[in-house]
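Residue numbering for the sequence shown follows the working numbering, starting at 107 and increasing by one per position.
From the three backbone atoms N, C-alpha and C, an ideal C-beta is built for every residue, glycine too.
In this text the structure is predicted, and so the values were computed from the model without any measurement.
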Amino acid sequence: MTRLVCFPHAGGGASAYRGWLPLIPAAYELWAVEYPGRGDRVGERPPSDLERTARDAAFAVQWIADTPYALFGHSMGALLAYETCRQLERLGVVAPTHLFVSGSPPPDRAASAARSELGGARIRWLAGRPEGVAGEETEELAARTLRADLAMLVAHPVRHLWKAPVPVTVVHGTEDADLDRTSVTGWRDFTAARCTVAALPGDHFHCFTRPHETVRLITSALLR
């Protein structure tokens, strides 16, 4: 049994991974992180400190690290998965078998990327994807949550060059206009193990609009 711990994108919640459940093979368990300010934690303030958010996630993950596990994060979730991996090492917890980062520039470029996304039109587009929010009021709530998440990334740029002691797979959509090749390959500086780059069909939210391809990539990588 391998546990797959998934970190949502900015503005998203654990429910973003609901569509993965029917696709996960029986040999895997899917666990999704719920950030404050959404889903079951909607009454809490959205996170404002990246390192503290990753530390909280690491404290939770340590209780399920009694069996092999891997981390997957999309967009902001990729950065949080990486930071959680670092916090797990600091806690002395056994490392994940693999780190999957999707739709995200490397840690040292995340703050500048988030700053460029704080424009109104971009916020509205992102807030409406990929969970299909309906209605102006719901979309505005999603936009506020997204704006808070992006502000957290801008306020807490990653200044270290910690190398994850595990294999890293970088996933990006072939039609994701936000990521160039330099952004994708930059993740190689953040692992002490092998780094594999994989391109899958689709835009920034390819892992949710075409989940079967991402799940297949993950399970194949974990079999190696």
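So, helix, strand or coil for Ser218, using DSSP?
The sequence position of residue 218 within the sequence shown is 112, counting from 1. DSSP places Ser218 within a helical segment (H, G or I) once states are collapsed to three.
List in chain order: all unbroken alpha helix (DSSP H) runs of 4+ residues lying wholly within the stretch 276-306.
Segments of the alpha helix (DSSP H) lying fully in the stretch 276-306: 287-291.
Go ahead and label Gly238 buried or exposed: buried means 16 or more other beta carbons lie within 10 angstroms of its beta carbon, across all protein chains shown.
Translated into the one-based positions of the sequence shown, residue 238 becomes position 132. In this prediction, Gly238 scores a pLDDT of 45, lower than 50, which makes its location untrustworthy; the coordinate-derived value is nonetheless stated afterwards. Exposed, since its Cβ has fewer than 16 Cβ neighbours within 10 Å.
Taking the beta carbon of Arg330 as the centre, do at least 16 other beta carbons fall within 10 Å, making it buried, or is it exposed?
The residue labelled residue 330 in the question sits at position 224 within the sequence shown. Here Arg330 is exposed, its C-beta having fewer than 16 other C-beta atoms within 10 Å.
Across the stretch 146-157 and the stretch 125-136, are there enough close Cβ pairs to call them in contact, namely three or more that are closer than 8 Å?
In this structure the stretch 146-157 does not lie against the stretch 125-136, because fewer than three pairs of beta carbons, one per stretch, are closer than 8 Å.
Euclidean distance between Cα positions of Tyr188 and Thr280
For the purposes of this step, residue 188 is taken as the residue at position 82 of the sequence shown. For the purposes of this step, residue 280 is taken as the residue at position 174 of the sequence shown. Their Cα atoms are separated by approximately 23 Å.
When you compare only the Cα positions, how much space is there between Gly209 and Ala219?
Position 103 of the sequence shown, counting from 1, holds the residue named residue 209. Position 113 of the sequence shown, counting from 1, holds the residue named residue 219. So the alpha carbons of these two residues sit roughly 12 Å apart.
Measuring alpha carbon to alpha carbon, tell me which of Ser289, Gly119, Ala270, Thr302 ends up nearest Val183.
By 1-based counting over the sequence shown, the position of residue 183 is 77. Looking at the sequence shown, residue 183 is not Val but Gly. Per the Cα distances, Gly119.
Is Phe311 helix, strand or coil by DSSP?
On the sequence shown, residue 311 is found 205 positions in, with the first residue counted as 1. Coil.
Roughly how many whole angstroms lie between the Cα atoms of Thr302 and Glu195?
Residue mapping note: residue 302 aligns to position 196 of the sequence shown, counting from 1. Residue mapping note: residue 195 aligns to position 89 of the sequence shown, counting from 1. Their backbone Cα atoms lie some 22 Å apart in a straight line.
Quick one: measure Cβ to Cβ for Leu306 and Leu323, integer angstroms, because I've assumed they're closer than 8 Å.
Position 200 of the sequence shown, counted from the start, is the residue given in the question as residue 306. Position 217 of the sequence shown, counted from the start, is the residue given in the question as residue 323. The beta-carbon separation of Leu306 and Leu323, rounded to 7 Å, stays under the 8 Å limit for a contact.
Distance between Arg250 and Ala257 (C-alpha atoms, nearest Å)
Here residue 257 is taken as the residue at index 151 of the sequence shown, counted from 1. Here residue 250 is taken as the residue at index 144 of the sequence shown, counted from 1. Ala257 and Arg250 have their C-alpha atoms some 10 Å from each other.
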